[in-house]
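Okay, so the sequence shown: first residue is 2 according to the numbering used here, each after it adds one. Quick reminder that beta carbons are idealized off the backbone N, C-alpha and C, glycines included. These numbers come from a predicted model, not from an experiment.
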Amino acid sequence: MYTQIISKRAPFYADVPEEKWNDWRWQLSHRLNSVDEFEKIFSLTKSEQKALQTSGMFRVEITPYFISLIDPDDPNDPVRLQVIPRSEEMQSFTAMMEDSLAEDRHSPVPGLVHRYPDRVLMLVTTQCASYCRYCTRSRIVGDPSQTFSRQDFEAQIEYLKKTPQVRDVLLSGGDPLVLAPKILKEILTRLREIPHIEIIRIGTRVPVFMPMRITQDLCDMLQEFHPLWINIHVNHPSEITQELAEACDRMTRVGIPLGNQSVLLAGVNDCVQIQRELVQKLTRIRVRPYYLYQCDLVEGSGHFRTPVAKGIEIMEGLRGHTSGYAVPQYIVDAPGGGGKIPVNPNYQISASDHKVILRNYEGYVTMYEEPTEYKPHDPSSCSYCQDKRPEPGQAGITGLLEGKGMFIKPEGFDEIHDRHGLQHRLKDKKKWIPLGIGAGKEDNSEK
2 MYTQIISKRA PFYADVPEEK WNDWRWQLSH RLNSVDEFEK IFSLTKSEQK ALQTSGMFRV
62 EITPYFISLI DPDDPNDPVR LQVIPRSEEM QSFTAMMEDS LAEDRHSPVP GLVHRYPDRV
122 LMLVTTQCAS YCRYCTRSRI VGDPSQTFSR QDFEAQIEYL KKTPQVRDVL LSGGDPLVLA
182 PKILKEILTR LREIPHIEII RIGTRVPVFM PMRITQDLCD MLQEFHPLWI NIHVNHPSEI
242 TQELAEACDR MTRVGIPLGN QSVLLAGVND CVQIQRELVQ KLTRIRVRPY YLYQCDLVEG
302 SGHFRTPVAK GIEIMEGLRG HTSGYAVPQY IVDAPGGGGK IPVNPNYQIS ASDHKVILRN
362 YEGYVTMYEE PTEYKPHDPS SCSYCQDKRP EPGQAGITGL LEGKGMFIKP EGFDEIHDRH
422 GLQHRLKDKK KWIPLGIGAG KEDNSEK
């Protein structure tokens with residue numbers, strides 16, 4: 002079997018008994034969060050000291066296990082950069098947002114985000130085992146005042162019961178695996194009681210921050226709720242230890258498919274060679290690379306951002322250079338709430354009536370001859386197409402291809418281009434705000 006890195010405890014924890022060290026509750030209760038505690042592990046830089054001493058910052062908590070993965074002699078250690086705050090995170094940047102994915106706008110009830118037709122994001126806690134400095138939900142995650150109540154949970158369940166098009170529920174937060182086992186089991190049980198919910202997914206970084214939480218008892222409980230999928234979150238090869246490998250092995254042995262979501266971070270993993278080693282190590286422990294995210298425009302993450310071109314370069318260095326199973330999708334989660342947009346290098350060079358010109362990862366150029374006779378699929382005579390209609394307004398490009406419309410208009414488009422109506426509105430001394438500033442919104446104030 003492939004041998005992973007065996008994590009080493011920081012010297013400060015040398016005398017902690019194995020029984021305690023491998024107890025996830027001990028790990029949670031002994032998380033580090035202050036200058037004095039960190040200084041026992043390694044010397045802090047001035048930037049780190051300044052950030053830690055500033056009030057009102059995003060929460061800092063790091064498990065003893067995870068902080069032990071940091072090279073104490075390297076101030077730019079990739080694990081350290083992810084969890085130790087620096088003064089740079091207090092700097093603003095162009096297009097910075099608090100809720101960059103507009104999740105609150107797509108939330109019909111507290112803690113439930115319904116962005117796509119057939120699936121929802123269910124936020125079940127605001128707490129994590131440790132806190133990433135680039136967190137998309139830093140506006141609520143880690144804040145003890147931003148909790149989800151029993152009333153919120155019941156409202157989420159009631160919404161799901163009344164929304165039959167939802168077939169897929171993703172549990173996130175915060176991190177669902179920091180919940181007490183009894184509470185987590187209740188959530189899964191209530192979801193499984195809803196007939197139209199086909200699969201449940203869990204997004205978690207607990208196996209990376211605290212692999213001792215993935216006990217056999219937890220795995221046995223989770224397998225009661227199949228089909229259940231789990232995505233973990235590993236950003237750098239040095240996070241893949243023997244402990245993580247064993248935790249993943251326990252989950253896969255009870256039939257849980259595992260994927261990995263990582264974030265492209267400047268100074269951490271913005272390197273083709275690092276990414277290639279990361280995805281290959283993940284596949285060795287039976288975790289399929291799923292998404293590589295462009296860093297969101299969230300407050301505090303400016304120093305982590307890379308150009309999108311860097312992500313394209315990395316994808317160019319993965320496709321063809323490693324197993325197809327090891328190549329994730331490079332994703333830009335659209336600012337403003339447009340959802341996940343895959344971005345790839347251009348492999349199609351040109352096309353004509355019946356020929357498509359393609360290139361491979363080496364620059365080899367080839368021609369694919371398309372059929373001269375093809376009878377297109379007829380949606381009107383297809384029982385699947387008739388039964389599986391998307392939610393109104395969310396058919397998107399597919400709707401155009403199926404002939405259900407000829408265009409998709411931005412909100413307020415007709416009003417902006419209604420020149421005849423504009424004259425009447427001007428006569429009525431009503432001012433219309435141009436598209437892009439607030440399309441279609443009337444301002445009844447005097448000029």
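Can you tell which of Ile-286, Ile-6, Glu-90 and Val-366 has its C-alpha closest to the C-alpha of Ala-327?
-> The shortest C-alpha separation from Ala-327 is found at Ile-286.
Alpha carbon to alpha carbon, what distance is there between Pro-111 and Glu-447?
-> The predicted position of Glu-447 is uncertain, since its pLDDT is 39 and thus under 50; no value can be drawn from it.
Taking Cβ positions, are Ser-88 and Ala-52 nearer each other than 7 Å?
-> Contact: yes.
Could you tell me the boundaries of the beta strand (DSSP E) in which Tyr-117 lies?
-> Its beta strand (DSSP E) spans residues 113-117.
With DSSP run on the structure shown, which of helix, strand or coil describes Tyr-294?
-> If DSSP states are grouped into helix, strand and coil, Tyr-294 belongs with the strands.
For the alpha helix (DSSP H) that Ile-275 lies in, which residues bound it at each end?
-> Where Ile-275 is concerned, the enclosing alpha helix (DSSP H) stretches over 273-285.
Distance CB(Asp-176)-CB(Thr-205) smaller than 7 Å | The criterion of a C-beta distance shorter than 7 Å is satisfied by Asp-176 and Thr-205.
Cα separation between Lys-9 and Met-213?
-> One C-alpha to the other measures close to 15 Å.
What is the rounded straight-line gap between the Cα of Trp-433 and the Cα of Asp-415?
-> Unreliable placement is indicated for Trp-433, whose pLDDT of 43 sits below 50; no coordinate value is reported for it.
Helix, strand or coil: which one does DSSP assign to Met-123?
-> DSSP places Met-123 in strand when its eight states are reduced to three.
Stretch pair the stretch 277-296 + the stretch 253-269: three plus CB contacts closer than 8 Å | Output reads yes: the stretch 253-269 touches the stretch 277-296.
Could you give the residue range of the beta strand (DSSP E) that holds Pro-343?
-> Per DSSP, Pro-343 belongs to the beta strand (DSSP E) from 340-343.
Residues sharing a beta bridge with Asn-261, DSSP | Beta bridge pairing from DSSP links Asn-261 with Ile-233 and Pro-290.
DSSP state of Ile-158, grouped into three classes?
-> Helix.
Does the stretch 66-83 come within contact of the stretch 245-256, defined as at least 3 CB pairs closer than 8 Å?
-> By the criterion of at least three beta-carbon pairs nearer than 8 Å, the stretch 66-83 is not in contact with the stretch 245-256.
Three-way DSSP call (helix, strand, coil) for Ala-352 in this model = It is a strand residue.
Output yes or no for whether 7 Å exceeds the beta carbon distance between His-355 and Glu-374.
-> It is not a contact, given that the beta carbons lie outside the stated cut-off.
Taking buried to mean at least 16 other C-beta atoms within 10 Å of its own C-beta, is Glu-225 buried or exposed?
-> Exposed, because fewer than 16 other Cβ atoms sit within 10 Å of the Cβ of Glu-225.
Pull up the distance between the alpha-carbon of Asp-14 and that of Gly-321, whole angstroms please.
-> Looking at the sequence shown, residue 14 is not Asp but Tyr. Using only the alpha carbons, I get a separation of about 43 Å.
Starting from the Cα of Val-357, find the closest Cα among Cys-296, Tyr-348 and Pro-377 and give me that residue.
-> Considering only Cys-296, Tyr-348 and Pro-377, the residue with the shortest C-alpha distance to Val-357 is Tyr-348.
Nearest neighbour of Ile-1, chosen from Leu-70, Ile-201 and Val-114 [CA to CA] = A query on residue 1 cannot be resolved here, the shown segment of the chain reaching from 2 to 448 and no further.
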